[in-house]
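Inspection log for the structure reproduced underneath, given as structure tokens.
Residue numbers (UniProt numbering): 1 to 205.
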């Protein structure tokens with residue numbers, strides 16, 4: 001019969017370490033070694049082990065969260081929600097402002113172009129000559145006998161606004177159309193006031 005245990009004592013038994021996570025009659029058992037080398041039961045709130053008696057001995061890595069930590073977590077969640085909501089509102093306002101700016105710029109450029117008279121004197125349309133470097137093709141929308149249509153953007157020279165436009169590229173496979181015929185065709189289309197006809201902003205020679 002042993003007089004004293006070489007390492008630790010758990011009840012009548014000598015052990016090398018106190019039990020951690022063992023199933024008992026009342027649930028999972030966690031124990032810690034006291035100053036006399038005996039294994040003592042951890043506090044009931046210490047669900048992941050402990051290093052000493054009471055709640056204060058709970059393992060800080062896994063133990064119950066203190067009131068101060070809870071406050072910090074709640075404040076952190078509130079701060080994250082507030083920042084997310086603020087970013088969302090600012091994003092909506094920015095997009096709305098950008099849309100209004102584009103709309104005003106589009107109206108301004110439609111009304112400020114040069115006046116062409118391809119047909120009769122009363123039939124005028126405002127348009128301008130555009131530079132190929134000011135246009136960016138993004139996506140092909142369709143193609144036909146007279147050419148292709150791309151979704152794109154137009155960045156007017158000296159401006160920073162990007163205007164969404166449809167870019168029609170006319171392909172003359174016969175070589176019979178000259179610049180003036182193509183210009184008359186495009187200006188004629190631009191002079192039509194119909195919901196299904198796109199307003200012409202300009203012509204790129």
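Each residue gets a CB set at the ideal place from its N, CA and C atoms; glycine is no exception.
Being a predicted model, the structure only gives us computed values, none of them experimental.
inquiry  = In the DSSP output, what is residue 28 paired with across the bridge?
reply    = Locating residue 28 in the chain shown gives position 28, counting from the first residue. Among the bridge pairs identified by DSSP, residue 28 is matched with 23.
Alpha carbon of residue 37 to alpha carbon of residue 25, nearest angstrom = Translated into positions along the chain shown, residue 37 becomes position 37. Translated into positions along the chain shown, residue 25 becomes position 25. Approximately 24 Å, taken between the alpha carbons.
request  = With a threshold of 16 other CB atoms inside 10 Å of the CB of residue 93, please say whether the residue is buried or exposed.
outcome  = Taking the chain shown and counting its residues from 1, one reaches residue 93 at position 93. Exposed.
ask   = From residue 97 to residue 139, what distance separates their C-alpha atoms?
value = As a first step, residue 97 is located in the chain shown; it is residue number 97 there, counting from the start. As a first step, residue 139 is located in the chain shown; it is residue number 139 there, counting from the start. Spanning the alpha carbons of residue 97 and residue 139 requires a straight line of approximately 25 Å.
task = Tell me, please, which residues DSSP counts as bridged to residue 10.
result = Along the chain shown, one-based indexing puts residue 10 at 10. According to DSSP, residue pairing for residue 10 in a beta bridge involves 13.
request  = From the DSSP output, in three-state form, read off residue 3 for me.
outcome  = Residue 3 sits at position 3 when you count from the first residue of the chain shown. DSSP, read as helix, strand or coil, puts residue 3 in coil.
task = In the DSSP assignment, find the beta strand (DSSP E) that holds residue 58 and state where it starts and stops.
result = In the chain shown, the residue the question calls residue 58 occupies position 58. Neither: residue 58 is in no beta strand (DSSP E) and is coded neither H nor E.
message = Can you find the residues in the same chain that come closer than 7 Å, C-beta to C-beta, to residue 29, ignoring five residues on each side of it along the sequence?
response = Indexing the chain shown from 1 puts residue 29 at position 29. Cβ neighbours of residue 29 beyond the five flanking positions: 19, 22.
ask   = Name the DSSP bridge partner or partners of residue 33?
value = Mapped onto the chain shown, residue 33 falls at position 33. In the DSSP output, where bridge partners are listed per residue, residue 33 has 39.
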